[in-house]
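Protein chains in written order, with the working numbering: chain D, 1 to 356; chain Z, 1 to 251; chain G, 1 to 371; chain R, 1 to 352; chain S, 1 to 261.
All C-beta atoms, glycine included, are put in the ideal place defined by N, C-alpha and C.
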Amino acid sequence: MNSATKKLPAGEASSAPHPTEESVSHTEHWKQSPTVQALFLILAFAVVGFALIRDPAAWMTLTVAGVAMGMMIFIMTSGFTLVFGLMDVLNFGHGAFISFGAFVGFSVMHLWPDLLTGSSVFVQVGLMILAMLVSAIVVGLIAWVFEKVIIRHVYGNHLMQILITTGGMIVAEELIYVLWGNQEKAWLKPDTFQGSFQVGSFIFEKYRLLAVILGVVLFFGLRWVFVKTRLGLLIRAGVEDKEMVKSLGYDIEKLFILVFIAGSALAGIGGVMWGMYDEVITAHIGQNLMITVFIVAIIGGLGSIEGCFLAALMVGLLSNYVGFIFPKLALVSTLILMVAVLLWRPKGLVPVSKGN
Amino acid sequence: MTAQLQQDAQVQDNVLTLDSVHTNIAQYNILHGVSFSVPRNQVTMLLGRNGAGKTTTMRTIMGLWQAAQGKIQLNGDDIQTLETVAIARKGLHYVPENMGIFSGLSVEENIRLATRKNKIDPERLEWIFTLFPAMKKFWQWPAGQLSGGQKQMLSIARSIIEPCELLLVDEPSKGLAPSIIENLITAFNQLKENNTTILMVEQNFRMASVLGDHLAIMDDGVIVHESDMASFVADEEKQSALLGLSMEAHQ
Amino acid sequence: EIKIGHIYPSSGPLGAYGKQSHDGLMLGLEYATGGTMMVNGEKIVVIEKDSQANPEVGRSMLEEAYADDEVDFAVGPVSSGVAMAMLPVAEEYEKILFVDPAVADSITGENSNKYIFHSARNSTQDAIASAKAIGRPGVSIAILAQDYAFGRDGAQAFKDALEGTGAKVVHEEYVPTTTTDFTASGQRMFDALKDKEGKKLIYTIWAGGNPLAKIQAMNPERYNIEFALAGNILAVLPAYKQFPGAEGATYYYYENPKNEINDWLVKEHYKRFDSPPDMFTAGGMSVGIAAVEAIKKAGSTDADAMIKVLEGMSWETPKGTMTFRAEDHQALQSMYHFKVVVDDDYEWARLETVREIKPSEMNVPIGAMKK
Amino acid sequence: MIQAIKDTLPESRLLRVIIATILLAIVFAPFIFDGSRALDTAARLIIFIVLVASYDLLIGYTGVVSFAHTLFFGVGAYAVAIGFDNFTPSFSVLIIAVIIAMLTSAIIAIAIGLVSLRVKAIFYAMITLAVASVASVLVSQLYLYTGGEDGMTYKIPRLLTPAFKLFDEKVFGVRISGKIVNFYFILAVSTVLFLVMVRIIASPFGKVLKALRENEFRAEAIGYTTVYYRTAATVISATIATIAGALMALWLRYTGPESVLSLTIMIDVLLMVVIGGMGSLYGAIIGATVMMLARNYLNQWMGTVHDALIDVPVIVELFNPERWLLWLGILFVVMVYFFPQGIVGRLVKGKS
Amino acid sequence: MPSQDSSPVLKTQNLSIRFGGHIAVDQVSAEFEQGTLTAIVGPNGAGKTTYFNLISGQLPASEGDVYLEGRNISNWAIAKRAKHGVGRAFQLTQLFPNLTVAENLTLVVQARLGFGPKIWALASRLNSVKKEVESLLDTIELTSKSQELARALSHGAQRRLEVGMMLAMDPKVMMFDEPTAGMSVDEAPVLLELIAKIKSEGNRTILLVEHKLDVIRTLADRIIVLHNGKLLADGNPEKVMSLDVVRQAYLGELPESDEVA
Ligand SMILES: Nc1ncnc2c1ncn2[C@@H]1O[C@H](COP(=O)(O)OP(=O)(O)OP(=O)(O)O)[C@@H](O)[C@H]1O
Ligand SMILES: Nc1ncnc2c1ncn2[C@@H]1O[C@H](COP(=O)(O)OP(=O)(O)OP(=O)(O)O)[C@@H](O)[C@H]1O
Ligand SMILES: [Mg+2]
Ligand SMILES: [Mg+2]
């Protein structure tokens, strides 16, 4: 059978291996259903929220705020959950990357302090983008080193990962002190993004709208890369059996580093967003955010981008609604949400099927 | 002069040659001087009792263990220092003892990853389906949920989805039902006709004797016998001496 | 020679405050001894120790100072937590501890003892001052406070002090210290205030960071709601530029007090650090002067002798005359009612003095200190 | 008991010598070192050894990664603090407080244990972290009882305070104050706790814990109800941590979030376990000592280096005394990286 | 409780499990008497391992029940079934990789003797356990490697340890899932003789998944054939082997693709 040597044009080739007749369908492994359910849950939140708040203006304000908060959390969590999902690496140092991102962004913007006020919208947007790019790059580089010296040696061993990345986190935070001193930095966002504009009785904070846009764009960007490309496949395979992927002739190390850098760069961007939102930055902001990051990652189902996105939305909305309706519960609301979700779905909203 | 020519012929003939290869794992010294060669377009059987070092040998060839000493040559050039990736790209396909299935990926994705250009040759795929119908049946399933034997099939299917320079197979018949073993033998025979060179570790001597053209037997990390299969099958004492079995044992 | 232990955070985020406090102490000693650093013919030596802003460390540092370095008395620390941890140590070693700039009321509370002298203002004084500053008839106020001791006590004291000023508190909002999103709280305060007549204020009691900007972003102007501000260190003042005209009360802003000690302080501080003195510098200096005065009067550093002198002692400081109240060793002192002025020659917002609030106007509840 | 120690003590001669020296130094601390600082360090070292060992029981032997351990430490400390704050300090108050605290911890531990029933191991680490963070916030919210962020100070039984003198004349030139009595009280209790743990890991139960760490699936299949064992382990280590917390409260005469609940302490404990070596109780002794000494003296050493390099721009900052944690972090990474079994594991040459 | 020959030690009734659309075990009812060895055969994917998983509790049945000595154990936990005598050696080796061979066995023995919960006893003093472990090591011929870490053993040795761990449970029901898979022709017999010996003692109920026909012929009193999860045939070896349907399904005399369709 010399057909082995024949080759066919791509189109036919890719269409060919789908003998759907005869083959057992396997729908329960497509993740639509949980995603849809989660979406309904979120809608339910919004509706119940409205029922309890009644005042539409207030509801709108809170909802926008909640969504925006969710998006900022998403930007910061996506990197973490992604690195876990594809590389099975639990990076407790992620928080330090967030902090680093914030500080780099801060420094970039303050190269031209006078641009922060009065200059044109485009200049300031440009400045913003520049800040994000630079911190993405810088944090990416740091991550590259981090992977080489720290994470490289603990693939597939969660305990070790938790330990060694915690160590890494300590070092990274201390380095921030070394480079920027241990004073907290006040960071006023460019005035384009300050304040809010009013539509009828509704108030929209400019910065939060920015966060929403960024979050949504990022989400669909990520989905495209990791669902539509072969990269995701390859790395998932590598996580399970590194040696086999090597034996198939793929340079898995490079891929891993790539993913890790990408994930960390996201943390960097998230740091910039958050730093400008919170207006004061310290080396600890990342660490403080990690709790939320963990909760969201878990609720979403570790490793699932969709889950992360939905969970972030939930947490954002819930904490705002609860904060308004029952302020006392604001603190524990997310924790309760997490426990509830886990009781309902032990592997999170959108479980990631990790083979056997 | 003619001797010289024969020499060259020899070198030409062998796809792979091991020359007193030593391998250590941690403090254990597992292989001490493994030497044998794999003739082109033939099936070479590597036999030996458990713990003899067969798997270690295979892994050393693939560069998954580093050879401490000795030479490993593929078509005449040294590969013992190369990275696994480089070795694989030279056209060595490997079916490891643990099958190396990606349980999180579907059967299709498993097979697709084994293709260079991310394209599956449909004819070759059909051929595989006829050999292992289960692959067709579970085409879209997460491979983790296949049975032990089905995994074994997938692993082999993955290694033959594209033609290769040399196929390394570690105990393919392990846990396979006779009917499937028959399919396997057919498959490998067809590969032979298709001019594929195979190095196979095998416990099932029947399969070994049916498939093999050439054989090497190892014990305690050294090769104790190398010859062509025919003469070995003919020689009863040798068998019982080296393998401690008589042909009837597995009928 | 006379040994003084100064325990303050020279490291960590609070490091800057610690340094201020230390500079202040040294300047105070220098001023009070006319630059000689000698009292009653004895040399004054200050031994510094880093509390790392950690109660555990702070207390063992104080112990070390008392026991091993045998200091005569000690000064410090910045954070109330550390201060609380230190109180019993002073009693055990029967030596004086001047607490500055930590602010908690409980420093002169029931767990305190006769060796403690609190020269810094306490939270209640802050609250009362603010009340005096913004409390006028027809003013509606919503309080935003951190939901723990500091916030709750402050809010309570503030409300008490508002009694009779004609202003009324229409809403109290307590949020966790860790809060970063104030939309919900802001919304609730707006709802409470928006339909009120007259001046509408949001008064925040907040340590570390400030939530004002975030609430500002929800534009309270639409209901013409304004902010009442509390004084803060210079580092935070640039942020106040967003609130021109806002009023409040502060413990110290270098342009407020009018007396020659403060003039000297400002002048010297510019000379040595080319920057104006800050809150904790003034505090430190006050302690320095108080200590020297006390030693002079007592004629020795014997704890009991000094306590006798210090109880009820009045002395001059950059903030004018202060008095250690005999009952609870809390220093009574002036506070300053200010108005925010944006002036482009300054990188921070200036706190222009509206008037000085004299100790006599503030009746600060007496702490339950056991003596 | 001797047998238990024999079974568990690492072979390495050198290691035994080190451990022995440390222990001797601790036991005679009041007489060897002068100055309150040394005594204070020694006392806290003892307490941390117990705390770290109890944590190792969980992380090293059972393979459960929990970030809620300081929570239990805190429960113990606050119980004692609140007890002494509201009643006249006496040993009966102490004992009652500790018992209540232990029960509380046990209940919390069981609750957490049951959560872990539902979720994967990695989730567990993060969930406990979240729980711990909520706990510390609660403490600041319930400031009426806990003193909030500022924490609380209180009197302890007079017998244990510096004011009290056991004998009139000095012993080996040292005045036996209540402080020293307190020290030896803590030492005694800690020793008992430590030996209990040794005994536990030498028992069949101890072996089962290792089995859980190695292959839970198999453990279940040969008849161990893994949930029961995991929960039991959690409860044991939790209650021991609680007692350690009580001792801390007794020694410091101050209890606050910073000193018993903060994540910083949790990370310290983690560092100590790793430096000492996971899965070896004796590692706790070494790990804790290294950390304590570092905390107290590393920054002094760095100070000198710092002054030496004073005019090298950025580098000098690396040696700024307050950056001592940086070096500890690096040490930590190097530890996990080069010999995950920690110092002990290193000297023992990786014996499970 | 001593079970009379009449009442089966193990019994499954309409046992079924569904994975999404796919039925891996379909209405399998069978009884297993004490002292018998039943070979369970069937092509790969027939459902043999899954059937074992249902009996030992690793998987919950979608339908049907499992009875042990007359008691319905369908909703017992894995551990409980193990304690009451359901023993299992896995197809894919399951060991405690970083413990020594001896420790691996010790854990099983002490589990059976109920020492597990003993917090205050001294493991090193439990001589009863020690003795058993030694004899076990001897039976599976690993005495020489008793102090090595399980992960360092060769595949064959690991398989033997796997079986040894089940023996250590001293169970009423023994389920071997392809015990000799990947063993060399000179190693396999050792294990097979061991199984034969256990059978001859006559007080166990043995279920054996095995592909090698000669092995089955020599050992089995009875053969159960599974195919696509269904019980295809059940009876003594000669009879079953002679059935056409079996020859087709198992020996694949017709090309397999025809019946999966
Ligand atoms: N990771 C390892 N660490 C230590 N020793 C090992 C390791 N892997 C294999 N060995 C040892 O090397 C020797 C050869 O093992 P290998 O797996 O190559 O034998 P094999 O011939 O493949 O046996 P089998 O037929 O059982 O697969 C065995 O004695 C085994 O104990
Ligand atoms: N956890 C699971 N989820 C979904 N399907 C499963 C799962 N486990 C097994 N299966 C399916 O059930 C069928 C029976 O598998 P099983 O492992 O019992 O086969 P087997 O008879 O043991 O085969 P082999 O002899 O190759 O081990 C297979 O088709 C397999 O794909
Ligand atoms: Mg092998
Ligand atoms: Mg099977």
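Per-residue DSSP class, three states only, for residue i
| i | result |
| --- | --- |
| Gly367(G) | coil |
| Trp315(G) | strand |
| Gln4(S) | Below a pLDDT of 50, predicted positions are generally treated as unreliable, and Gln4(S), at 47, falls in that range; no measurement from the model is reported. |
| Phe31(R) | helix |
| Asp153(G) | helix |
| Arg222(S) | strand |
| Arg350(G) | strand |
Closer than 7 Å: residue i CB and nearest ligand 1 heavy atom
| i | result |
| --- | --- |
| Asn98(Z) | no |
Assigned exposure category for residue i - 16 Cβ within 10 Å defines buried
| i | result |
| --- | --- |
| Tyr115(G) | buried |
| Tyr297(R) | exposed |
| Leu141(D) | exposed |
| Arg255(Z) | Nothing can be reported for residue 255(Z), as the shown portion of chain Z is limited to 1 through 251. |
| Asn203(S) | exposed |
| Lys267(G) | exposed |
| Gln32(D) | Legend: pLDDT at Gln32(D) = 49, less than 50; position of this residue unreliable, value from coordinates given subsequently. The residue is exposed, with fewer than 16 neighbouring Cβ atoms inside 10 Å. |
| Trp224(D) | exposed |
| Ile95(R) | exposed |
| Tyr177(D) | buried |
| Ser227(Z) | exposed |
Proximity to residue i [Cα-Cα], best of the options
| i | options | result |
| --- | --- | --- |
| Phe84(D) | Gly49(D), Asp278(D), Val125(D) and Arg236(D) | Arg236(D) |
| Met152(R) | His337(G), Ser106(G) and Gly138(G) | Ser106(G) |
| Ile100(R) | Trp327(R), Tyr337(R), Ala246(R) and Gly256(R) | Ala246(R) |
| Leu242(Z) | Val224(Z), Ser35(Z) and Thr56(Z) | Val224(Z) |
| Val163(S) | Val25(S), Lys130(S) and Glu178(S) | Glu178(S) |
| Gly58(G) | Leu25(G), Gly76(G) and Asp72(G) | Gly76(G) |
| Val236(G) | Ile137(D), Leu255(D) and Glu184(D) | Glu184(D) |
Residue i CB to nearest heavy atom of ligand 4 below 7 Å
| i | result |
| --- | --- |
| Gln152(Z) | no |
| Thr49(S) | yes |
| Gln91(S) | yes |
| Ser179(Z) | no |
Residue i CB to nearest heavy atom of ligand 2 below 7 Å
| i | result |
| --- | --- |
| Ala46(S) | yes |
| Phe19(S) | yes |
| Leu105(Z) | no |
| His22(S) | yes |
Contact test: residue i Cβ vs ligand 3 heavy atom, cutoff 7 Å
| i | result |
| --- | --- |
| Asp40(R) | no |
| Glu171(Z) | yes |
Residues proximal to ligand 1 by C-beta, any heavy atom closer than 5 Å:
Ile25(Z), Tyr28(Z), Ile30(Z), Asn50(Z), Gly51(Z), Ala52(Z), Gly53(Z), Lys54(Z), Thr55(Z), Thr56(Z), Ala152(S), Ser154(S), His155(S) and Gly156(S)
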